[in-house]
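The sequence shown: position 101 = 1434 (my numbering), numbered continuously. Ideal Cβ positions, reconstructed from N, Cα and C, are used throughout, including at glycine.
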Amino acid sequence: MLEAARRALANAHAPYSRFRVGACLRAASGRLYAGCNVENAAYPVGQCAEATAIGTMVAAGDREIAEILVASEGAEICPPCGRCRQQLAEFARPETPVHLCGPEGLRTSTTLGDLLPLAFGRDVLRP
Ligand code: THU
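And the structure:
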């Protein structure tokens, strides 16, 4: 997963922030889906690496995320932003592992539930 995330990171389109991110999702099927951030001259339109990977996964027909990995190059860990946490929660579970990596490898691991407690999900929509 780290290799796939790093390959995607190398293709990141981040000319504005210069902050390249790669993400890799392991689907329940075992297939891996990687993505990078795709920025835009209209800054708010930019897309995070996680969102790119989710779109690729869904387009390929997978709907269940078993494991999440995010790779960045900064000195600090790069935890998924709030929007990405919500987007990941659509296809993952609270116990789904989230691995945060840097150039040297794994920095820390957590779970989606720890990153997004009391999440809004489909259950809330039930009458
Ligand atoms: N970014 C990601 O791709 N994923 C994250 O989890 C956090 C931030 C991107 C968005 C933007 O292109 C750049 O990092 C700086 O915020």
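Query	Result
If I measure Cβ to Cβ from Cys-1414 and keep anything under 7 angstroms in the same chain, skipping five residues before and after, which residues do I get?	Cys-1381
Determine the direct distance from the alpha carbon of Pro-1460 to that of Gly-1407, and round the result to whole angstroms.	44 angstroms
Measure the beta-carbon distance from Gln-1420 to Glu-1372 and round it to whole angstroms, keeping in mind my assumption that it falls under 8 angstroms.	Between Glu-1372 and Gln-1420 the Cβ distance is about 17 angstroms, and since that is not below 8 angstroms, they are no contact.
Given a cut-off of 8 angstroms on the beta-carbon distance, is the pair Ala-1360 and Met-1390 in contact?	yes
Grab me the residues of Ala-1425's own chain with a C-beta within less than 6 angstroms of its C-beta, minus the 5 sequence neighbours each way, in chain order.	Ile-1398, Leu-1445
Just jot down, in chain order, the residues whose CB lies closer than 6 angstroms to any heavy atom of ligand 1.	Ala-1347, Ser-1350, Phe-1352, Val-1354, Asn-1370, Glu-1372, Gly-1379, Cys-1381, Ala-1382, Glu-1383, Val-1403, Cys-1411, Pro-1413, Cys-1414, Cys-1417
Looking only at C-alpha atoms, which of Leu-1365, Pro-1436, Arg-1396, Met-1334 sits nearest to Ile-1410?	Pro-1436
Pull the bridge partners of Cys-1414 from the DSSP assignment, please.	Cys-1414 pairs with nothing; no bridge assigned.
Please name the residue, chosen from Gly-1368, Ala-1343, Ala-1375, Val-1378, that lies closest to Ile-1401 on a Cα-to-Cα basis.	Gly-1368
Secondary structure at Glu-1383, three-state DSSP: helix, strand or coil?	helix
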